[in-house]
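Student: In the UniProt record's numbering, the protein residues as written are 1 to 140. C-beta: ideal position from N, C-alpha, C; glycine also. Handing you a structure now.
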């Protein structure tokens with residue numbers, strides 16, 4: 001089984017994913033706008049260009065996915081602290097690169113430091129409100 005994080009945004013999913021692509025590299029697997037779906041003539045003009053689905057590989061077996069909400073159909077984005085994306089790079093250098101890149105413009109909760117449980121770890125909320133953990137453990 002694979003588990004892939006799926007995020008919701010309020011009109012800036014494409015901007016967020018272009019930022020993530022600049023850090024992780026790679027290419028989008030898919031990127032569909034709301035206007036690509038059937039019956040989009042019923043959507044307000046300001047929602048037709050929102051992202052219906054976007055996906056970006058960020059590791060060997062992990063795809064980061066997202067869409068924008070549609071306020072016109074009652075969607076409401078409720079950002080909270082109940083979810084993190086936890087990434088596990090293969091080196092301290094890669095951990096630092098990812099942490100520094102993704103946290104730019106965001107709020108650092110815990111800077112990258114060696115932790116008592118053995119990991120080199122840091123946590124932050126990025127400039128889009130997405131919460132991340134970066135864990136490097138040389139034994140794994």
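Quick one: any contact between the segment 55-75 and the segment 5-13, if contact means 3 or more CB pairs under 8 Å?
Tutor: With the cut-off at 8 Å, the segment 55-75 and the segment 5-13 touch.
Student: Verify whether the separation of the beta carbon atoms of residue 40 and residue 14 is less than 8 Å.
Tutor: Going by C-beta atoms, residue 40 is not nearer than 8 Å to residue 14.
Student: In terms of residues, what are the limits of the alpha helix (DSSP H) holding residue 96?
Tutor: Here the alpha helix (DSSP H) through residue 96 covers 92-103.
Student: Residue 79 and residue 129: beta carbons closer than 8 Å?
Tutor: Their beta carbons are under 8 Å apart, which means residue 79 touches residue 129 by this criterion.
Student: Taking C-alpha atoms, which residue in 45, 101, 86 and 88 lies nearest to residue 70?
Tutor: Here the closest residue by C-alpha is 45.
Student: Are the beta-carbon atoms of residue 120 and residue 114 separated by less than 8 Å?
Tutor: Against a cut-off of 8 Å, the Cβ pair of residue 114 and residue 120 comes out as a contact.
Student: Of the choices 77, 105 and 86, whose alpha-carbon is the least far from that of residue 11?
Tutor: Out of 77, 105 and 86, 77 has the C-alpha closest to the C-alpha of residue 11.
Student: In or out: residue 47 buried (at least 16 other Cβ within 10 Å) or exposed?
Tutor: Buried, because 16 or more other Cβ atoms sit within 10 Å of the Cβ of residue 47.
Student: For residue 110, count the other beta carbons within 10 Å of its own beta carbon; 16 or more makes it buried, fewer makes it exposed. Which is it?
Tutor: Counting Cβ neighbours within 10 Å, residue 110 comes out exposed, since fewer than 16 surround it.
Student: Among the residues of its own chain, which have a CB less than 8 Å from the CB of residue 72, if the five just before and after it don't count?
Tutor: Same-chain partners within the cutoff: 43, 44 and 47.
Student: Tell me the rounded alpha-carbon separation between residue 91 and residue 38.
Tutor: Residue 91 and residue 38: Cα-Cα distance of roughly 45 Å.
Student: Please specify which runs of the alpha helix (DSSP H), each continuous and at least 4 residues long, are wholly inside the segment 48-78, giving them in chain order.
Tutor: Listed in chain order, nothing qualifies, since the segment 48-78 has no complete alpha helix (DSSP H) run of 4 or more residues.
Student: Classify residue 116 as helix, strand or coil using the three-state DSSP reduction.
Tutor: Looking at residue 116 - three-state DSSP - the assignment turns out to be coil, as it is neither helix nor strand.
Student: If you draw a straight line from the C-alpha of residue 99 to the C-alpha of residue 122, how long is it?
Tutor: Looking at the two C-alpha atoms, the distance is approximately 7 Å.
Student: CB-CB under 7 Å to residue 142, same chain, minus the five flanking residues each way: which ones, in chain order?
Tutor: Absent from the structure is residue 142, since the part of the chain shown begins at 1 and ends at 140.
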